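For reference, the structure discussed in these notes is given below.
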Amino acid sequence: MAASSSDMVLRSTRPQVFINFRGEELRRGFISFLEPTLKNENINVFIDELELRGRDLQNLFVRIKESKIALVIFSKDYANSEWCLDELAKIKECMDQGNLDVIPIFYKVEPSVVKYLLGYFGENFMNLKNRYENDPERTRKWEEALASVSQKFGLPFPEKSDRTDREFINSIVVEVKRVLEHIGGKEDKRGHAKVIQRQQQEETHQGCMFNARELKISGSHNARYWTFVSISESPNDEVAFEVAKMQRNYYLEVSGFCQTEILTTGKKYEVVFVVKVEDTMSRWDVPAKVQLMVPYSNELQERELQFVDLIRNEWVDIQAGVFVAQPQNLKIAFYLYQHKSNEAKTGLLVKGAVIRPVE
């Protein structure tokens, strides 16, 4: 099914996030956690709550056109619903026009199953397609939308994942906030890769790096939570560099992305965050997590770390993951976050992130 709040005349002026999903399958479970979590982060969410089929489909198309982001949640029974697929076709139309950012979410279904219409998912689609054999234009749009949207950078949640739904939802929130930040024009080019200044021939070979301001650091707009300070490696060092310093914050969200066109095809790279733990750091009882999302393999690499285990007062590389650059120009994304905390945290410095070749 789809995504709504209500049909009130007064609507939020904040960018709208439309959620396309199979209501019968997910409404009382996954969506019942996702929707309030997004709203708690002050994200303007549209969920179709009434499920008034047919009569309201055109209204939903209007809501899709009004939205800036669409979350498309593919699940096992998604292809059972012509309602979902009609919405998906409209989402693709708006996406192709450049008016909508789409984030596909693969909830307990493999991306390749959606893209190539395999297994149970594919059988459901073919059964629905046969029911509408007299409307080939409509079913053609469904099939094209499934193939197009499923190959975009997405967030996979395998059926046998060791993460909980709530942990996965937190990663969705991080991605939505990152996209909203770019849409709102607040990032001042944050999150875009800065190629290391070398000879032109060596740029793709050497990788790329981000300074702290080029990353998306949630809360960095408020000096109560983060400040940017210039520091030197030693008293005799004339060259200072800027880092982000956590002042007092209840959660951690640092993210960035890189277009693979600047990398060498076939070469292996690692992504690392560069951070420093100060003596003043308060204890973080809940582990932080680092993630690397690679779109062409639909792979999510993730691991936990305890800041208390890191060497104090030294810059430390925290690896988010490794990948092999492909010929397609796609976007990889990387995250460092910790959401669960009842106490304010201090004592963390973020220098930036680096994508560099590895043997």
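Under the UniProt record's numbering, the residues of the sequence shown are numbered 1 to 359, in order.
Heads up, the beta-carbon is just placed ideally off N, CA and C, and yes, glycines get one too.
If you're wondering where the values come from, they're calculated on a predicted model, not measured in any experiment.
In three-state terms, what does DSSP make of residue i?
| i | result |
| --- | --- |
| Arg166 | helix |
| Gln58 | helix |
| Lys108 | coil |
| Asp101 | strand |
| Lys90 | helix |
| Leu26 | helix |
| Leu146 | helix |
| Lys160 | coil |
| Glu51 | Legend: pLDDT at Glu51 = 43, less than 50; position of this residue unreliable, value from coordinates given subsequently. Glu51 falls in the coil class under three-state DSSP. |
| Leu85 | helix |
| residue 384 | Because the chain in this structure spans residues 1 to 359, residue 384 falls outside the shown range and cannot be described. |
| Ile311 | coil |
| Leu215 | coil |
| Pro136 | helix |
| Glu66 | helix |
| residue 362 | The shown model of the chain, from 1 to 359, leaves out residue 362, and the question about it has no answer. |
| Glu261 | helix |
| Ser171 | helix |
| Glu181 | helix |
| Asp96 | helix |
According to DSSP, residue i sits in a beta bridge with which residue or residues?
| i | result |
| --- | --- |
| Met293 | Leu300 and Ala333 |
| Ala288 | Leu305 |
| Arg356 | Glu270 |
| Tyr251 | The partner list for Tyr251 (beta bridge, DSSP) is empty, contrary to what the question assumes. |
| Asn20 | Val72 |
| Val316 | Val275 |
| Val324 | Lys268 |
| Gly256 | Phe334 |
| Leu348 | Val277 |
Take the Cβ of residue i as the centre, count every other Cβ of all protein chains shown within 10 Å, and call the residue buried at 16 or more, exposed below.
| i | result |
| --- | --- |
| Met126 | exposed |
| Ala223 | exposed |
| Val286 | exposed |
| Lys345 | buried |
| Val229 | exposed |
| Ser32 | exposed |
| Asn170 | buried |
| Tyr107 | buried |
| Val62 | exposed |
| Tyr78 | buried |
| Gly352 | buried |
| Glu359 | exposed |
| Thr139 | buried |
| Arg178 | buried |
| Asp86 | buried |
| Gln16 | buried |
| His339 | buried |
On the premise that residue j lies in contact with residue i, defined as a C-beta separation below 8 Å, what is that separation, rounded to the nearest angstrom?
| i | j | result |
| --- | --- | --- |
| Phe273 | Val290 | 7 Å |
| Tyr269 | Phe334 | The pair is not a contact, with the Cβ atoms about 11 Å apart (cut-off 8 Å). |
| Pro357 | Gly207 | 6 Å |
| Ile105 | Leu180 | Between Leu180 and Ile105 the Cβ distance is about 16 Å, and since that is not below 8 Å, they are no contact. |
| Val275 | Leu330 | Actually they do not touch by this definition, with Cβ atoms about 27 Å apart. |
| Ser75 | Val102 | Their Cβ separation, rounded to whole angstroms, is 16 Å, which puts Ser75 and Val102 out of contact at 8 Å. |
| Arg213 | Glu253 | Rounded, the Cβ-Cβ distance is 15 Å, inconsistent with contact. |
| Phe21 | Ile73 | 4 Å |
| Val280 | Ala325 | The question names Val, yet the displayed sequence has Thr at residue 280. Actually they do not touch by this definition, with Cβ atoms about 39 Å apart. |
| Thr227 | Lys245 | 5 Å |
| Thr260 | Ile332 | 6 Å |
At what residues does the alpha helix (DSSP H) containing residue i begin and finish?
| i | result |
| --- | --- |
| Tyr116 | Pro111 to Tyr116 |
| Asp77 | No alpha helix (DSSP H) holds Asp77; DSSP gives it neither H nor E. |
| Asn130 | Gly119 to Arg131 |
| Ile31 | Phe30 to Asn40 |
Could you tell me the boundaries of the beta strand (DSSP E) in which residue i lies?
| i | result |
| --- | --- |
| Lys245 | Phe241 to Met246 |
| Thr227 | Trp226 to Ile231 |
| Pro156 | Leu155 to Phe157 |
| Asn44 | Asn44 to Phe46 |
Report yes if the C-beta of residue i is less than 7 Å from at least one heavy atom of the ligand GTP; otherwise report no.
| i | result |
| --- | --- |
| Phe74 | The ligand GTP is absent from the structure shown, which contains no ligand whatsoever. |
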